[in-house]
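Reviewing the structure listed below.
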Amino acid sequence: MTTLALTLAGAVLIGVTLGLLGGGGSILAVPLLVYVADLPAKEAIATSLLVVGVTSAVAVLPHARANRVRWRTGLVFGVAGMTGAYAGGRLAEFVPAGVLLTAFALMMLATAVAMLRGRRSAEGRPAPCELPMLRVIVDGVVVGLVTGLVGAGGGFLVVPALALLGGLPMPVAVGTSLVVIAMKSFAGLAGYLSSVQIHWGLAAGVTAAAVVGSLLGGRLAGRIPADLLRRGFGWFVVVMGVFVLAQQLPPVWGLAVGALAVAGTVTLAVWGRRRREHSGQQRLGQPVCRHARTGVER
45 MTTLALTLAG
55 AVLIGVTLGL
65 LGGGGSILAV
75 PLLVYVADLP
85 AKEAIATSLL
95 VVGVTSAVAV
105 LPHARANRVR
115 WRTGLVFGVA
125 GMTGAYAGGR
135 LAEFVPAGVL
145 LTAFALMMLA
155 TAVAMLRGRR
165 SAEGRPAPCE
175 LPMLRVIVDG
185 VVVGLVTGLV
195 GAGGGFLVVP
205 ALALLGGLPM
215 PVAVGTSLVV
225 IAMKSFAGLA
235 GYLSSVQIHW
245 GLAAGVTAAA
255 VVGSLLGGRL
265 AGRIPADLLR
275 RGFGWFVVVM
285 GVFVLAQQLP
295 PVWGLAVGAL
305 AVAGTVTLAV
315 WGRRRREHSG
325 QQRLGQPVCR
335 HARTGVER
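Residue 265 in the working numbering sits at position 221 of the sequence shown, with consecutive numbering throughout.
Laid out in structure tokens, this is it:
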């Protein structure tokens, strides 16, 4: 009973994270299902894809009502991501569970670096209304492949691609990423179902708790300073990534790699913040968005 209660409490946190940040659900879901619910790694990854897919589909509704979703970009990215996610889910059948969890931990650390570094200055560059389709498709396939392999919905890969590289406003990147996450998660799940059995009762309970959390996260959005939320969650992801990585290595190597991972994350985060501070603030009065193909500002 205690294990179930902890699992459901963690699921609420997963939903809150998705509602607030447009990603991070699987970064929490896989460790929760492996180390708290005691599921085998591949079953945990498949279950996390179900939980995150359903929760993201629900969490996107308030963003859509607030006009914070770029549907064309999201749907094209999502379709491309579904292709990669299904392929990754099928490929995962032939990859040892320990390798998948190690790859997952390394992706968590890379994600933490991106969050702690923050957004690049967009000085002089109006945000595009939609991103170039070829770039969207390529990025979607690559992110989808990672999604299917390690059970990550990809929000913390999609949001930086849309906000940091594509120049979309952060709220719009978050809303759009939820569309992509839902599509890719269901495709990755379809790939896993050919080789993995899911505990449907537990999955339903965790999903319901995560949906409740996503509605709470949607209400909290905008009330917490974005930089504070991003940095706090970034350091939490560092801790979780080091923990998962250490579990896959002998104790001595786990401590050494963990220390190096933390030191490297801190160094990259500080370097990124200093670069951003020197780049200056975004110029005021720029157009709301710029068409990606024609360059027409509007």
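The beta carbon of each residue, even a glycine, is placed where N, CA and C say it ideally should be.
Quick one: Cα of residue i to Cα of residue j, how far?
{"i": "residue 52", "j": "residue 75", "result": "13 Å"}
{"i": "residue 153", "j": "residue 244", "result": "30 Å"}
{"i": "residue 57", "j": "residue 254", "result": "7 Å"}
{"i": "residue 98", "j": "residue 264", "result": "20 Å"}
{"i": "residue 96", "j": "residue 251", "result": "8 Å"}
{"i": "residue 234", "j": "residue 225", "result": "14 Å"}
{"i": "residue 128", "j": "residue 184", "result": "8 Å"}
{"i": "residue 46", "j": "residue 179", "result": "46 Å"}
{"i": "residue 60", "j": "residue 287", "result": "22 Å"}
{"i": "residue 238", "j": "residue 93", "result": "14 Å"}
{"i": "residue 186", "j": "residue 202", "result": "10 Å"}
{"i": "residue 132", "j": "residue 71", "result": "17 Å"}
{"i": "residue 284", "j": "residue 275", "result": "14 Å"}
{"i": "residue 79", "j": "residue 49", "result": "14 Å"}
{"i": "residue 214", "j": "residue 103", "result": "16 Å"}
{"i": "residue 281", "j": "residue 157", "result": "9 Å"}
{"i": "residue 151", "j": "residue 219", "result": "22 Å"}
{"i": "residue 120", "j": "residue 177", "result": "8 Å"}
{"i": "residue 107", "j": "residue 116", "result": "15 Å"}
DSSP state of residue i, grouped into three classes?
{"i": "residue 344", "result": "Residue 344 lies beyond the range of the chain shown here (45 to 342); nothing can be said about it."}
{"i": "residue 222", "result": "helix"}
{"i": "residue 139", "result": "coil"}
{"i": "residue 176", "result": "coil"}
{"i": "residue 262", "result": "helix"}
{"i": "residue 238", "result": "coil"}
{"i": "residue 82", "result": "coil"}
{"i": "residue 89", "result": "helix"}
{"i": "residue 110", "result": "coil"}
{"i": "residue 291", "result": "helix"}
{"i": "residue 56", "result": "helix"}
{"i": "residue 268", "result": "coil"}
Nearest by alpha-carbon distance to residue i: which of the options is it?
{"i": "residue 271", "options": "159, 115, 107, 71", "result": "159"}
{"i": "residue 64", "options": "262, 277, 108, 133", "result": "262"}
{"i": "residue 100", "options": "147, 83, 229, 191", "result": "229"}
{"i": "residue 126", "options": "259, 242, 227, 218", "result": "227"}
{"i": "residue 85", "options": "112, 119, 149", "result": "149"}
{"i": "residue 110", "options": "182, 216, 236, 137", "result": "216"}
{"i": "residue 161", "options": "289, 278, 257", "result": "278"}
{"i": "residue 88", "options": "241, 256, 135, 118", "result": "241"}
Kindly examine the ligand NAD and report whether one of its heavy atoms sits closer than 6 Å to the Cβ of residue i.
{"i": "residue 220", "result": "This structure lacks the ligand NAD; in fact it carries no ligand of any kind."}
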